[in-house]
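Data first, discussion second: the structure below is written as structure tokens.
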Amino acid sequence: MEKEKQEIHHEDLALKTAAQYFGEELMPLMGISGAIALIAPTESVKLEARQMYQDFNYVMADNGWVHLEFESDSITLEDLRRFREYEAATSRAHKVAVTTCVICSSRVERLKTELTEGINVYRVRAIRMQDQDADIVFSQLKEKQERGEKLRKADLVPLLLTPLMSGRLSVTDRIVKSLKILQKEESAVTELEMEKMQAVLYTFADKFLNARELERVKEMIAMTRLGKMLVEDGFKQGVERGIEQGIGQGMERGIALTKRILRLSASGCAPEQIARDCGIGLKEVNHILKEDDEL
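Residue 269 in our numbering sits at position 267 of the sequence shown, and the numbers go up by one each step.
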């Protein structure tokens, strides 16, 4: 249970880091126009107290919201109903217009983007990059490296979108290969920028891969800057939990010891005998007995 909580916390931290980079760098490359003002909340609470979590929400410069969802399979009618529910709850809660863009890695030729029920028509925008080849991206970077050229940020950013592209490699292999290239070219960008890039790839892995495939990516992530950040954050969380647990355990032991001292005193034991039996000093015993008398 504790491990599960830690994994959820790590995942949340990585997704928040990725959300920043999606807004700053990747949305324009995916054809989503408009300037982003800030990242918006992704949690909605309905009247029956049911929580709904969306992937990423952005407040745009025109005050409208863009809602990003990730789908590895084809978009179903049930998906469209779910997206419509998200939009309605968000729009009502924040009094804004919401546009949903579905980032899809599916190879299905035609995706469902429209739902008609009664007199109402609901639409989402499907974002896919199947017309671009991930093999070409990797090949071009390899050629530059072999020529001894120093890779720049502009060379590395396309790596982040390779999971959405077509290509011979599986999505898992593309993510792992991209992480390896980023790790090798850490000097091309700042540490913060590198963490954000790695977080984007982790997000795609979390959204598109099965449990076994995701474990492989997690092993790779553990060796990156993002992995170190998550470990440090987890260590900090663990220390905080340990301190809290230690305080709680100390209080429990103190209460139990006090009860034992009072019980021995009530049975006629002298303070010196109580101190020996409980393994504490006579001063502490007398202090507890005095406080009890005052009560």
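Beta carbons: idealized from backbone N, C-alpha and C, even for Gly.
Do you know how far the Cα of residue j is from the Cα of residue i?
| i | j | result |
| --- | --- | --- |
| V61 | T102 | 12 Å |
| Y124 | T78 | 13 Å |
| R149 | T205 | 32 Å |
| V159 | K220 | 21 Å |
| V173 | E73 | 13 Å |
| D279 | K285 | 14 Å |
| V202 | G283 | 59 Å |
| I34 | N65 | 15 Å |
| E188 | T226 | 10 Å |
| S180 | E119 | 42 Å |
| M131 | F85 | 21 Å |
| A128 | Q147 | 34 Å |
| Q134 | L163 | 10 Å |
| Q53 | M29 | Confidence in Q53 is poor, its pLDDT being 44 and thus under 50, which makes the residue's placement unreliable; the coordinate value appears in the next sentence. Distance between the alpha carbons of Q53 and M29 is about 27 Å. |
| E145 | K97 | 50 Å |
| K198 | A90 | 30 Å |
| A277 | H289 | 12 Å |
| E217 | E274 | 60 Å |
| K115 | E87 | One detail in the question is off: residue 115 reads as Thr in this sequence, not Lys. For T115 and E87, the distance between alpha carbons rounds to 15 Å. |
| F213 | S267 | Sequence inspection shows Ala at residue 213; the Phe mentioned does not correspond to that position. Distance between the alpha carbons of A213 and S267 is about 60 Å. |
| S93 | V100 | 6 Å |
| K186 | L143 | 12 Å |
| R262 | A272 | 13 Å |
Mapping the DSSP letters down to three states, classify residue i as helix, strand or coil.
| i | result |
| --- | --- |
| T174 | helix |
| S267 | helix |
| I129 | strand |
| D81 | helix |
| E187 | coil |
| L70 | strand |
| D137 | helix |
| S107 | coil |
| N288 | helix |
| V98 | coil |
Tell me which residue opens and which closes the beta strand (DSSP E) that residue i is part of.
| i | result |
| --- | --- |
| T118 | E116 to E119 |
| V61 | F58 to M62 |
On the criterion of 16 or more Cβ atoms from any shown chain inside 10 Å, does residue i qualify as buried, or is it exposed?
| i | result |
| --- | --- |
| I223 | buried |
| N122 | exposed |
| K238 | Its pLDDT being 44, under 50, K238 is placed unreliably in this model, and the value from its coordinates should be taken loosely. Under this definition K238 is an exposed residue. |
| S46 | A caution first: S46 carries a pLDDT of 48, below 50, which makes its placement in the model unreliable, though a value can still be read off. Buried, by the Cβ-count rule. |
| L161 | buried |
| L194 | exposed |
| S269 | exposed |
| K152 | exposed |
| A156 | exposed |
| S107 | buried |
Assuming residue i is part of the alpha helix (DSSP H), what are its boundary residues?
| i | result |
| --- | --- |
| L166 | Looking at the DSSP string, L166 is not in any alpha helix (DSSP H), and its letter there is neither H nor E. |
| T192 | Note, T192: premise wrong, no alpha helix (DSSP H); not H, not E. |
| D157 | K155 to L158 |
| K152 | Premise fails: K152 is in no alpha helix (DSSP H) and is neither H nor E. |
| E274 | P273 to C280 |
| I223 | A213 to I223 |
Beta-carbon separation of residue i and residue j under 8 Å?
| i | j | result |
| --- | --- | --- |
| R176 | P165 | yes |
| V126 | L82 | yes |
| R80 | I105 | For the sequence presented, residue 80 should be read as Glu rather than Arg. Contact: no. |
| Q200 | L211 | no |
| A136 | S168 | yes |
| L113 | S76 | yes |
Is residue i near the ligand MG, in the sense that its beta carbon is under 7 Å from a heavy atom of that ligand?
| i | result |
| --- | --- |
| E111 | In the structure shown, the ligand MG is absent, as is every other ligand, since no ligand is present at all. |
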